[in-house]
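Residue numbers (my numbering): 290 to 649. In what follows, a structure is listed as structure tokens, so that the remarks can point back to it.
And the structure:
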């Protein structure tokens, strides 16, 4: 039997003593889950990096599929609710965040702002000024997809903008003065429209080009500004057989050589090329075929020098009466005796059909 030497025993005792000291005074062994790092959420269920907490929460990367009861606040919205709540592992419960998007087709005119609508009726906060204009009243377009700025204006903003006329620009807006008694001329009148409709326009009784011949609707009175400047027709009256049939609205300006055509009913069809440069109004004229008289007066009830016309029974059957010479003459003749091209009248143009700016 081998006998351990004294020196070997001392060596073994020394090693054991060192181990004891280290165990009593050294670091503890690392325990999984207690070593902290800066990663916020583990990418998998396996704990390969600690989050700074003893219990790791695996990230939920699944979209919820049990979302079948809709809690939307908009009527008719059947889409599932958004998956926006913080998910937990094995998330099968329905999210409860309401979907506020409207999925149904918007209804223009119901007063509700829906889907692609920019506005709905005229109840909105924005104004003409917000849309880049100086003044006016902003409206909603007919299909609710845009604002209607047709009644917005830059009049009054201190500068001459497109369509504004003023010699000094101090007034900013069209510089319309009240007309003199010689400035407004009654140039043509139709009291007995010819029968028929169709093309070319003005070869039948459909004087307003609306596709229908109307014994009252197609009657008209044509007035023309013969001044070299714009005139203000505010307060001008059209009197038929002693009764006022039309008071022209305040602020109506008529530019030089521009016509105002008053039809008995039904507005003029802009598809008629000859109507491009005129102003149109309607009034129940009631021009009699057996005779009558028209007088046009200014705001002070003074007749214009060339603003009157009286006719007798069948003086111009199926055609208009036109001033001769045009614009300046004192007599009126049947249109079809002045022009021999098949037309029965020429509202808004010279007898030749040309724009009034080119008339002699």
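Glycine included, each C-beta is placed from N, C-alpha and C at the ideal position.
Can you tell me whether residue i is buried or exposed? The criterion is at least 16 other CB atoms within 10 Å of its CB, across all chains shown.
i	result
residue 239	The structure shown has nothing for residue 239, since the chain only spans 290 to 649.
residue 485	exposed
residue 443	buried
residue 646	exposed
residue 270	Here the chain comprises residues numbered 290 to 649, so residue 270 is not present and cannot be evaluated.
residue 626	exposed
Does the Cβ-Cβ distance between residue i and residue j come in under 9 Å?
i	j	result
residue 520	residue 488	no
residue 576	residue 427	no
residue 601	residue 580	yes
residue 522	residue 537	yes
residue 430	residue 424	no
residue 495	residue 481	no
residue 568	residue 598	no
residue 434	residue 403	no
residue 493	residue 483	yes
residue 593	residue 395	no
residue 528	residue 551	no
According to DSSP, simplified to helix, strand and coil, what is residue i?
i	result
residue 430	coil
residue 525	coil
residue 638	coil
residue 621	strand
residue 396	coil
residue 627	helix
residue 562	helix
residue 608	coil
residue 419	helix
residue 490	coil
residue 646	helix
residue 632	coil
residue 657	Limits of the chain in this structure are 290 at one end and 649 at the other, which puts residue 657 out of reach.
residue 595	strand
residue 412	coil
What does DSSP give as the partner residues of residue i in its beta bridges?
i	result
residue 533	528
residue 651	Lying before the first or after the last residue shown, residue 651 is absent from the chain, which here runs from 290 to 649.
residue 585	527
residue 441	425
residue 601	580
residue 479	509
Q. Can we say the segment 580 to 587 touches the segment 469 to 481, given the rule of at least three CB pairs closer than 8 Å?
A. Touching, per the Cβ criterion.
Q: Would you be able to state if there are at least three C-beta pairs under 8 Å between the segment 619 to 632 and the segment 497 to 506?
A: no
Q) Taking three-plus beta-carbon pairs below 8 Å as touching, is the segment 514 to 530 in contact with the segment 625 to 644? A) Counting Cβ pairs under 8 Å, fewer than three are found: no touch.
Q) Quick check: the segment 553 to 572 against the segment 427 to 440, are there 3 or more CB pairs under 8 Å? A) With the cut-off at 8 Å, the segment 553 to 572 and the segment 427 to 440 do not touch.
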